[in-house]
Amino acid sequence: MNKHQRGTVSELLSAKYFVEQGHTVSKPITDFGEYDLVVDFNGTLERVQVKTIYWDKSKERYLISCVTSHIRGNGRRVNKKYDKHSFDSLCAVEEETGAIYLISNSLVRNRRSITVYPKGKPDTVNKRHMDFEQNRVQ
Numbered sequence: 006m007n008k009h010q011r012g013t014v015s016e017l018l019s020a021k022y023f024v025e026q027g028h029t030v031s032k033p034i035t036d037f038g039e040y041d042l043v044v045d046f047n048g049t050l051e052r053v054q055v056k057t058i059y060w061d062k063s064k065e066r067y068l069i070s071c072v073t074s075h076i077r078g079n080g081r082r083v084n085k086k087y088d089k090h091s092f093d094s095l096c097a098v099e100e101e102t103g104a105i106y107l108i109s110n111s112l113v114r115n116r117r118s119i120t121v122y123p124k125g126k127p128d129t130v131n132k133r134h135m136d137f138e139q140n141r142v143q
């Protein structure tokens, strides 16, 4: 499965989660925004950026990327960190375990990545880093 197919699976799993929680989910017509879904939380619309949780071999941990990538005219890839206007919430999905994290934009913006533990947090985790396991909803 390529990167785009994996992203589509994550969007569908996110939408499934929200629908199962009783929310209405909409998909923007274009892909120009920095969010993938619009979720109606009982009358409050939120822009949701969906990310696929991946295993980083070099760091030996699961990561959520907190940047958006764009290819410039010269073919060079540029990564941009999200800001407070990019979206309202980030929904991250780890396909193998079915883990889903729902994280407020205020905790995501200006970060490059977030470490999560969809298979359980080891005892060796450094306590000085923010613990995003409290944001796991499934």
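Quick note: the sequence shown, position 56, residue 61 per our numbering, numbers continuous. Glycine included, every Cβ here is placed at the ideal spot set by N, Cα and C.
query, result
"C-beta neighbour in chain B for L50, strict 8 Å", "In summary, chain B is missing from the structure at hand, where a single protein chain is found."
"Closest by C-alpha distance to I119, when choosing among H28, S15, L18 and D61", "D61"
"Cutoff 6 Å; reference E99; Cβ partners in own chain excluding five residues on either side", "I58 and P123"
"Selected residue, minimal CA-CA separation from C71, among R52, R116, A104 and K89", "R116"
"Residues bridged to Q54 [DSSP beta-bridge criterion]", "L95"
"Coil, strand or helix - H9 by DSSP", "helix"
"Assumed close pair R81, S74 - CB separation to whole angstroms, cut-off 8 Å", "Rounded, the Cβ-Cβ distance is 11 Å, inconsistent with contact."
"For V72: DSSP bridge partner residues", "K86"
"E25 to S19 span [Cα, whole Å]", "10 Å"
"Of the residues S63, F23, H90 and T13, the one placed nearest V44, counting alpha carbons only", "F23"
"Opposing strand residues paired with T120 [DSSP bridges]", "L68"
"Alpha-carbon to alpha-carbon, I76 and M135", "31 Å"
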